[in-house]
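A.B. asks: My questions all concern the structure below.
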Amino acid sequence: MNATFETLTFETLGLERTDDDLLLVRLNRPQAANAMNTRMGEELLDLFERFQLKTHGVRAIVVTGAGEKAFCAGGDLKERNGMTDAQWLRQHAMFERMLRAVVACPVPLIGAINGAAYGGGCELAAALDFAYAAESARFALTEVTLGIMPGAGGTQNLPRAVGERRAKEIILTGLPFTAQEACDWGLVNRVLPQGELIEATLATARRIAGNAPIAVRQAKQSIHRGLQMSLADGLAFEIECYNRMVATQDRHEGVRAFNEKRKPRFRGE
1 MNATFETLTF ETLGLERTDD DLLLVRLNRP QAANAMNTRM GEELLDLFER
51 FQLKTHGVRA IVVTGAGEKA FCAGGDLKER NGMTDAQWLR QHAMFERMLR
101 AVVACPVPLI GAINGAAYGG GCELAAALDF AYAAESARFA LTEVTLGIMP
151 GAGGTQNLPR AVGERRAKEI ILTGLPFTAQ EACDWGLVNR VLPQGELIEA
201 TLATARRIAG NAPIAVRQAK QSIHRGLQMS LADGLAFEIE CYNRMVATQD
251 RHEGVRAFNE KRKPRFRGE
């Protein structure tokens, strides 16, 4: 593992460099259904802000939860019980910053939703680039049943995934839905048996990691930013992203490897 990751120690996250190019991130509070307390939010913020500065050779990241019961049960309401309004607002400001760091991560993020993804856990799943889910996984945004509303990207990322009308139904009722419904509606891409989830997600991550990293990064940014623009502006932005790759060594290597009928050796240069 890169020395930067070797020296990181987290209380609530487990990091595993499964291949040279892949990083598996586990939300690691199984005794609390991997609920997101202040420490987990701070550690996720720390981790993903690091990737905005340097990727350390990581070309794809898989995010999952420890155990088989929960991906993330949302905000830790036991920790929040008794918080003053000011304390609540300070904590939530950090959660908002953390979600922005997740969305801004230049490395592709793939979810392996291994169990319940409620509240902030569902919001985190929606903030990833895409996700696979175990058959037993369940999803919900229950905030309105607690007197609040989704505030970690849920009202923005969920409609982009499932459409406005479906997102309104999910958020305004607070009702849970199944992994298959999440797949049918567009929140997750595949539903798999629990025992196959991690390996299938890693297999997709390996496929991505084998592609040219600059091209992957530029394509990811073009899709994400382009969806926030008019079609004309999005097309112009796409060309800007494309043109940055023409002079790269990876572009030359890709064409050369194709003509030499061999696997390309992309170096991210």
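Here our numbering is used: position 192 in the sequence shown is 192, and no number is missing along the way. A virtual CB, placed ideally from N, CA and C, is assigned to each residue, including glycine.
1) Going by alpha carbons, who is nearest to residue 32 out of 244, 116 and 239?
2) Let's test the definition: count the other Cβ atoms within 10 Å of the Cβ of residue 242 and tell me whether it reaches 16, buried, or not, exposed.
3) Does the Cβ-Cβ distance between residue 133 and residue 183 come in under 8 angstroms?
4) In terms of residues, what are the limits of the beta strand (DSSP E) holding residue 72?
5) How close, in whole Å, do the beta carbons of residue 26 and residue 14 come, if the pair is a contact with beta carbons under 8 angstroms?
6) Ignore the nearest five residues each way along the sequence and tell me which others in residue 94's own chain have a CB closer than 8 angstroms to its CB.
7) Cα separation between residue 151 and residue 222?
8) Nearest to residue 48 by CA position, among 253, 76, 87 and 103, is which residue?
9) Can you list, in chain order, the residues of its chain whose CB lies under 8 angstroms from that of residue 128, leaving out five sequence neighbours each side?
10) Buried or exposed for residue 123, please, with buried defined as at least 16 other CB atoms from any protein chain shown within 10 angstroms of its CB.
11) Which one of 68, 97 and 142 has the shortest CA to CA distance from residue 74?
12) Alpha carbon to alpha carbon, how far is residue 147 from residue 120?
13) Please classify residue 197: does DSSP put it in a helix, a strand, or coil?
14) Can you tell me whether DSSP reads residue 98 as helix, strand or coil?
15) May I ask you to report which of helix, strand or coil DSSP gives residue 248?
16) Which residues mark the beginning and the end of the beta strand (DSSP E) in which residue 340 is found?
17) Does the Cβ of residue 258 have 16 or more other Cβ atoms within 10 Å, making it buried, or fewer, making it exposed?
18) Give me the Cα-Cα distance between residue 166 and residue 253, rounded to the nearest whole angstrom.
19) Within this structure, are the beta carbons of residue 130 and residue 189 separated by less than 8 angstroms?
20) Decide if residue 81 is buried, meaning its Cβ has at least 16 other Cβ atoms within 10 Å, or exposed.
21) With three or more beta-carbon pairs closer than 8 angstroms as the criterion, would you say the region 17-26 touches the region 201-209?
22) By Cβ distance below 6 angstroms, which residues in the same chain neighbour residue 266 in space, the five residues on each side in sequence not counted?
23) With DSSP as the reference, identify every bridge partner of residue 36, one or two as the case may be.
24) Report buried or exposed for residue 239, applying the criterion of at least 16 other Cβ atoms within 10 angstroms of its Cβ.
25) Pick helix, strand or coil for residue 170, following the three-state DSSP scheme.
26) How big is the Cα-Cα spacing for residue 179 and residue 160?
27) Are there 16 or more other CB atoms within 10 angstroms of the CB of residue 137, so buried, or fewer, so exposed?
C.D. replies: Taking the geometry as given:
1) Sequence index remark: in the sequence shown, residue 32 carries index 32 (1-based). Of 244, 116 and 239, the residue nearest in Cα terms is 116.
2) Taking the sequence shown and counting its residues from 1, one reaches residue 242 at position 242. Exposed, since its Cβ has fewer than 16 Cβ neighbours within 10 Å.
3) As a position in the sequence shown, residue 133 is number 133, starting the count at 1. As a position in the sequence shown, residue 183 is number 183, starting the count at 1. Cβ atoms of residue 133 and residue 183: closer than 8 angstroms.
4) Position 72 of the sequence shown holds residue 72. Residues 70-72.
5) For the purposes of this step, residue 26 is taken as residue 26 along the sequence shown, with counting starting at 1. For the purposes of this step, residue 14 is taken as residue 14 along the sequence shown, with counting starting at 1. Between residue 14 and residue 26 the Cβ distance is about 4 angstroms, and since that is below 8 angstroms, they are a contact.
6) Translated into positions along the sequence shown, residue 94 becomes position 94. Only 38, 41, 42 and 45 meet the Cβ criterion.
7) The residue labelled residue 151 in the question sits at position 151 within the sequence shown. The residue labelled residue 222 in the question sits at position 222 within the sequence shown. About 25 angstroms.
8) Residue mapping note: residue 48 aligns to position 48 of the sequence shown, counting from 1. Residue 103 is the option with its Cα nearest to residue 48.
9) Here residue 128 refers to the residue found at position 128 of the sequence shown. Within the same chain, residue 128 has close Cβ partners 63, 102, 109, 110 and 111.
10) The residue labelled residue 123 in the question sits at position 123 within the sequence shown. By the neighbour-count rule (16 or more Cβ atoms within 10 Å), residue 123 is buried.
11) Taking the sequence shown and counting its residues from 1, one reaches residue 74 at position 74. Checked all of 68, 97 and 142; the closest Cα to residue 74 is 142.
12) Along the sequence shown, one-based indexing puts residue 147 at 147. Along the sequence shown, one-based indexing puts residue 120 at 120. Rounded to the nearest angstrom, the two C-alpha atoms are 15 angstroms apart.
13) Along the sequence shown, one-based indexing puts residue 197 at 197. Three-state result, residue 197: helix.
14) Locating residue 98 in the sequence shown gives position 98, counting from the first residue. Here residue 98 sits in helix by DSSP.
15) Taking the first residue of the sequence shown as 1, we reach residue 248 at position 248. Coil at residue 248, not helix or strand.
16) Because residue 340 is not part of the residues shown, which for the chain are 1 to 269, the question remains open.
17) Here residue 258 refers to the residue found at position 258 when the sequence shown is read from its first residue. Exposed is the call here.
18) Locating residue 166 in the sequence shown gives position 166, where the first residue counts as 1. Locating residue 253 in the sequence shown gives position 253, where the first residue counts as 1. C-alpha separation (whole angstroms): 44 angstroms.
19) Counting from one through the sequence shown, the residue named residue 130 turns up at place 130. Counting from one through the sequence shown, the residue named residue 189 turns up at place 189. A contact, by the Cβ cut-off of 8 angstroms.
20) Along the sequence shown, one-based indexing puts residue 81 at 81. With fewer than 16 other Cβ atoms within 10 Å, it is exposed.
21) yes
22) Position 266 of the sequence shown holds residue 266. Excluding sequence neighbours, residue 266 sits near 212 and 250.
23) As a first step, residue 36 is located in the sequence shown; it is residue number 36 there, counting from the start. In DSSP, residue 36 forms a bridge with 75.
24) Position 239 of the sequence shown, counted from the first residue, corresponds to residue 239. Classification of residue 239: exposed, given that the 10 Å Cβ count is below 16.
25) Position 170 of the sequence shown, counted from the start, is the residue given in the question as residue 170. Helix at residue 170.
26) The count along the sequence shown starts at 1 and reaches residue 179 at position 179. The count along the sequence shown starts at 1 and reaches residue 160 at position 160. Approximately 18 angstroms between the Cα atoms of the pair.
27) As a working mapping, residue 137 is identified with position 137 in the sequence shown. Flag for residue 137 reads buried.
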